[in-house]
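Going by my numbering, 768 is the number at position 49 of the sequence shown; the sequence numbering is gapless.
C-beta atoms are modelled at their ideal positions from N, C-alpha and C, and glycine is treated no differently.
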Amino acid sequence: QLGQGENAVQPLNDRDGARSLANLTPLGNPGSDRIKLQFQVDAERYLRVTVDDLLTKETLLTNQVVAQLS
């Protein structure tokens, strides 16, 4: 159980300029699916993401750590 003021998640990209995971070129259109995100938690309790661009059929990130879970 967490005490007051404690976080259950430690973001690893919560700095200016680090909040973007992937750039889309060209940009997406409102109402159209553009990316597929797949999340997993590894044995060390890191939240990881894989990002696929549905328009270009490219994988933008593979198994990238985005947070450490407590």
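Answer yes or no: do residue i and residue j have a C-beta to C-beta separation smaller than 8 Å?
| i | j | result |
| --- | --- | --- |
| L766 | A786 | yes |
| R753 | L788 | no |
| T778 | T769 | yes |
| D772 | L743 | yes |
Give the secondary structure of residue i by DSSP, where H, G and I count as helix, E and B as strand, and everything else as coil.
| i | result |
| --- | --- |
| R764 | coil |
| A741 | coil |
| L779 | strand |
List the residues that DSSP assigns as beta-bridge partners of residue i.
| i | result |
| --- | --- |
| D752 | Its beta-bridge partners do not exist; DSSP assigns none. |
| L773 | For L773, which the question treats as bridged, DSSP gives no partner whatsoever. |
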